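Here's the structure, in structure tokens; my notes come after.
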């Protein structure tokens, strides 16, 4: 059985409509109209033990609502959900014992206490045997470089240090599954790198299943084999990162250095977007493979050098969000 | 044990507030002197040796004790759970395998213990430089007084927790809370002893848990409540603690259920 089984999961919120103005406010006192917000709308997926999943979506897409249901903080409005056989919101205490959670915007540590004291408290909260605690702590100290600030009160830590400490805290009790909600938010490149390599390490070395929500596609590119994308409460995409590029990457570019100056260089299925002496840049759609284009070119011209440029994943995702590329596909699937 | 650890860390955490502790002691001390002189004036003007069963020395001791207990009983400002609910930081508690109410009781007791020692004791130590105070006559008497103080802190916690829970339902919970705290200050016998109240008010107040938070431990300490009455007083305190705890637990469950069902 999969570690996480989610079937037709929904979460609807009732939000009171606020009428505007004084008159409206008075009317609000007596009668309220509600609108239903479908924060999560009928999504299904399975996650196996040991996966490292990137959960993406624009702000307000329903990511955090999904995570809150998976951690047992919210009760679903419909559908079923189980994590290692437990129903999170029903068996919350037992469930929370087995998971680790880092919400990037909040902290699990005590503001006024040195980091080590907070970690020590977590030992009692999760009933971690002392030996195991020491062992994990030593390990995390090394991986995250905690030594330099272990005795510093949390309030004096930099954001990057606090995040490292929080990550250590979420993993001290050897959870099978961790939820990392924007763990790299607001961090500099070095801190991000350190946290990414830590996440990779616990996933590959300890087999911890990781669900990572982030807006930083660098995180996803470096870490996640599988990506789930949600918008308007619907799961729009669930598959390998490469599939995302293939389906939505849009056009690719081929940069060619010709051996001589050819007057006519246009070719079917690709358009010339730049020309600088003997260097020409073509743009071509997904309808044609790069090798096809290259062999076409090679049959007519002498070529010195070639580079294929994939579009930045950053741009791909921006296009998906902005142009709502996926909502059409998903409704098309629904109609079938 | 997790609750013991929470108690201990919470105590430790208070050490960060050394400046606030010193400033608090000074403030409480000088207000104590002021209040004591008011009582002295009242006793002299009335020409009576006892008012409501309190001698002048008892009344001055009462002042010292209420001032010493301000911080640990925490009469006026405790918004930790309210803030947690409002900011959504309650999620960090909801993803931990402990009992919410008990975890906060443990944390509050840690805080209270620190303040009993570092904000309470100095006042009792320095007050005798200005006035003569009444002291418990035996170790057993001390033990009963301390037990009653401990119960008072626990009951005051349940009251504060109860007030904070309003945040689950009301946006302006802090306003409601301020009013509730003000009521508590007067009805608990903090401003003047409950014994000074007119009979109808005394009767009304005794139907609430308020006197158990301040008045009771002080009368136990002063020996005004003794013999069978002492057992009754402690029994009433335990009764209120249990009842308020059940009420808090009930309300918390409804509140958190609302939060987790409707979203947060």
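Protein chains in written order, with my numbering: chain Z, 88 to 423; chain E, -16 to 247. No residue lacks a Cβ here, since even glycine has one placed at the ideal position from N, Cα and C. Predicted model only: the values in this text are computed from it and were never measured.
Original post:
Assuming residue -6 of chain E contacts residue 93 of chain E under a Cβ cut-off of 8 Å, what Cβ separation, rounded to an integer in Å, is found between them?
Top reply: The sequence position of residue -6 of chain E within the second chain is 11, counting from 1. The sequence position of residue 93 of chain E within the second chain is 110, counting from 1. Confirmed, Cβ separation roughly 4 Å.
Original post:
Given residue 74 of chain Z, which residues of its chain have a CB within under 6 Å of its CB, disregarding the five upstream and five downstream residues?
Top reply: As displayed, chain Z neither begins before 88 nor continues past 423, which places residue 74 of chain Z out of reach and without an answer.
**OP:** Please check the pair residue 279 of chain Z and residue 291 of chain Z, which I expect to be a contact at CB under 8 Å, by giving their CB distance rounded to whole angstroms.
**Re:** Looking up residue 279 of chain Z in the first chain gives position 192. Looking up residue 291 of chain Z in the first chain gives position 204. Not quite, the Cβ-Cβ distance comes to about 19 Å (not below 8 Å), so this is no contact.
**OP:** Between the Cα of residue 341 of chain Z and those of Z:373, Z:92 and Z:111, spot the shortest distance and give me the residue it belongs to.
**Re:** For this step, residue 341 of chain Z is matched to residue 254 along the first chain. Nearest C-alpha to residue 341 of chain Z: Z:373.
**OP:** Work out the CA separation of residue 157 of chain E and residue 268 of chain E for me, nearest whole Å.
**Re:** For chain E, the structure presents residues -16 to 247; residue 268 of chain E sits outside this window and is missing.
**OP:** If I'm right that residue 295 of chain Z touches residue 262 of chain Z with Cβ under 8 Å, what's the distance once you round it to whole angstroms?
**Re:** By one-based count along the first chain, residue 295 of chain Z stands at place 208. By one-based count along the first chain, residue 262 of chain Z stands at place 175. Confirmed, Cβ separation roughly 7 Å.
Original post:
Is the distance from the Cβ of residue 183 of chain Z to the Cβ of residue 79 of chain E below 8 Å?
Top reply: Taking the first residue of the first chain as 1, we reach residue 183 of chain Z at position 96. Taking the first residue of the second chain as 1, we reach residue 79 of chain E at position 96. It is a contact, given that the beta carbons lie within the stated cut-off.
Original post:
Is there a Cβ from chain E that is less than 8 Å from the Cβ of residue 275 of chain Z?
Top reply: Along the first chain, read from residue 1 onward, the residue named residue 275 of chain Z stands at position 188. Answer no: the Cβ-Cβ gap between residue 275 of chain Z and chain E never drops below 8 Å.
Original post:
How long is the line joining the alpha carbons of residue 205 of chain Z and residue 245 of chain Z, rounded to whole angstroms?
Top reply: Locating residue 205 of chain Z in the first chain gives position 118, counting from the first residue. Locating residue 245 of chain Z in the first chain gives position 158, counting from the first residue. If I take the Cα positions, the gap works out to 16 Å.
Original post:
Between the C-alpha atoms of residue 10 of chain E and residue 215 of chain E, what's the straight-line distance to the nearest angstrom?
Top reply: Position 27 of the second chain, counting from 1, holds the residue named residue 10 of chain E. Position 232 of the second chain, counting from 1, holds the residue named residue 215 of chain E. Taking the straight line from one Cα to the other gives about 35 Å.
**OP:** Using a Cβ cut-off of 8 Å (strictly closer), state whether residue 97 of chain Z contacts chain E.
**Re:** If you number the first chain from 1, residue 97 of chain Z lands on position 10. False, the Cβ-Cβ gap to chain E never drops below 8 Å.
**OP:** May I have the straight-line CA-CA distance separating residue 125 of chain Z from residue 63 of chain E, to the nearest angstrom?
**Re:** Position 38 of the first chain holds residue 125 of chain Z. Position 80 of the second chain holds residue 63 of chain E. Residue 125 of chain Z and residue 63 of chain E: Cα-Cα distance of roughly 32 Å.
Original post:
Going by beta carbon distance, what residues of the same chain come within less than 6 Å of residue 141 of chain E, once the five residues before and after it are set aside?
Top reply: Residue mapping note: residue 141 of chain E aligns to position 158 of the second chain, counting from 1. Counting only Cβ-Cβ distances below 6 Å, and skipping sequence neighbours, we find 227, 228 and 231.
Subject >> Within-8 Å CB hit, residue 79 of chain E to chain Z >> reply: Along the second chain, read from residue 1 onward, the residue named residue 79 of chain E stands at position 96. It does: the Cβ of residue 79 of chain E has a partner Cβ on chain Z nearer than 8 Å.
Subject >> Under 8 Å from the C-beta of residue 10 of chain E: neighbouring residues of chain Z >> reply: Along the second chain, read from residue 1 onward, the residue named residue 10 of chain E stands at position 27. Per Cβ cutoff of 8 Å: no residues; residue 10 of chain E is ~21 Å from chain Z at best.
Original post:
Just how far apart, CA to CA, sit residue 195 of chain Z and residue 355 of chain Z?
Top reply: In the first chain, counting from the first residue as 1, residue 195 of chain Z sits at position 108. In the first chain, counting from the first residue as 1, residue 355 of chain Z sits at position 268. Cα to Cα, residue 195 of chain Z sits roughly 59 Å from residue 355 of chain Z.
Original post:
Bridge partners of residue 344 of chain Z, per DSSP?
Top reply: Along the first chain, read from residue 1 onward, the residue named residue 344 of chain Z stands at position 257. Looking at the DSSP assignment, residue 344 of chain Z forms a beta bridge with Z:366 and Z:392.
Subject >> Test: residue 7 of chain E CB closer than 8 Å to a CB of chain Z >> reply: Locating residue 7 of chain E in the second chain gives position 24, where the first residue counts as 1. It does not; no Cβ of chain Z falls within 8 Å.
Subject >> Reference residue 257 of chain Z, options Z:224, Z:325, Z:232 and Z:142, closest by Cα >> reply: Counting from one through the first chain, the residue named residue 257 of chain Z turns up at place 170. Measuring from the Cα of residue 257 of chain Z, the nearest candidate turns out to be Z:224.
Original post:
Using a beta-carbon distance cut-off of less than 8 Å, what residues from the segment 212 to 238 of chain Z approach chain E?
Top reply: 212, 213 and 214
Original post:
Taking three-plus beta-carbon pairs below 8 Å as touching, is the segment 109 to 116 of chain Z in contact with the segment 169 to 188 of chain Z?
Top reply: no
**OP:** Would you please verify whether the beta carbon of residue 345 of chain Z is less than 8 Å from any beta carbon of chain E?
**Re:** The sequence position of residue 345 of chain Z within the first chain is 258, counting from 1. Output row for residue 345 of chain Z: interface = no.
Original post:
Looking only at C-alpha atoms, which of Z:128, Z:160, Z:398 and Z:121 sits nearest to residue 236 of chain E?
Top reply: As a working mapping, residue 236 of chain E is identified with position 253 in the second chain. Taking only the C-alpha atoms, the option nearest residue 236 of chain E is Z:160.
Original post:
Can you tell which of E:191, E:220, E:187 and E:190 has the C-alpha that lies nearest to the C-alpha of residue 202 of chain E?
Top reply: Within the second chain, residue 202 of chain E is the residue found at index 219, counting from 1. Answer by Cα proximity: E:220.
**OP:** For the segment 163 to 218 of chain Z, list the alpha helix (DSSP H) runs that are entirely contained and at least 4 residues long, ordered along the chain.
**Re:** 179 to 185 and 202 to 212
**OP:** Could you name each continuous alpha helix (DSSP H) segment of 4 residues or more that falls completely within the segment 94 to 152 of chain E, going from the start of the chain to the end?
**Re:** 104 to 109 and 122 to 147
Original post:
Apart from the five residues just before and just after residue 95 of chain Z, which ones in its own chain have a Cβ nearer than 8 Å to its Cβ?
Top reply: Along the first chain, read from residue 1 onward, the residue named residue 95 of chain Z stands at position 8. Same-chain partners within the cutoff: 129, 130, 131, 165, 166 and 167.
**OP:** Output, in sequence order along the chain, the residues in the segment 178 to 209 of chain E whose CB is closer than 7 Å to any CB in chain A.
**Re:** Although the question refers to chain A, the structure presented lacks it and instead comprises the protein chains Z and E.
Original post:
Where DSSP assigns a beta bridge to residue 317 of chain Z, which residues make up the other side?
Top reply: Locating residue 317 of chain Z in the first chain gives position 230, where the first residue counts as 1. Residue 317 of chain Z is bridged to Z:322.
Subject >> Alpha-carbon to alpha-carbon, residue 58 of chain E and residue 162 of chain E >> reply: Working through the second chain from its first residue, we reach residue 162 of chain E at position 179. Working through the second chain from its first residue, we reach residue 58 of chain E at position 75. Residue 162 of chain E and residue 58 of chain E: Cα-Cα distance of roughly 12 Å.
Original post:
Using the C-alpha atoms, what's the distance from residue 302 of chain Z back to residue 253 of chain Z?
Top reply: Along the first chain, read from residue 1 onward, the residue named residue 253 of chain Z stands at position 166. Along the first chain, read from residue 1 onward, the residue named residue 302 of chain Z stands at position 215. For residue 253 of chain Z and residue 302 of chain Z, the distance between alpha carbons rounds to 19 Å.
Subject >> Reference residue -16 of chain E, options Z:187, Z:175 and Z:214, closest by Cα >> reply: Mapped onto the second chain, residue -16 of chain E falls at position 1. Of the listed residues, the one whose Cα sits closest to residue -16 of chain E is Z:214.
Original post:
Counting along the chain, where does the alpha helix (DSSP H) carrying residue 51 of chain E start and finish?
Top reply: Translated into the one-based positions of the second chain, residue 51 of chain E becomes position 68. Start and end: 39 to 52.
**OP:** May I ask you to verify whether the segment 101 to 116 of chain E touches the segment 162 to 176 of chain E, counting CB pairs closer than 8 Å and requiring at least 3?
**Re:** no
**OP:** Spell out whether any CB of chain E is found under 8 Å from the CB atom of residue 206 of chain Z.
**Re:** Your numbering for residue 206 of chain Z matches position 119 in the first chain. It does not; no Cβ of chain E falls within 8 Å.
**OP:** Name the two residues that bound the continuous beta strand (DSSP E) containing residue 447 of chain Z.
**Re:** Here chain Z comprises residues numbered 88 to 423, so residue 447 of chain Z is not present and cannot be evaluated.
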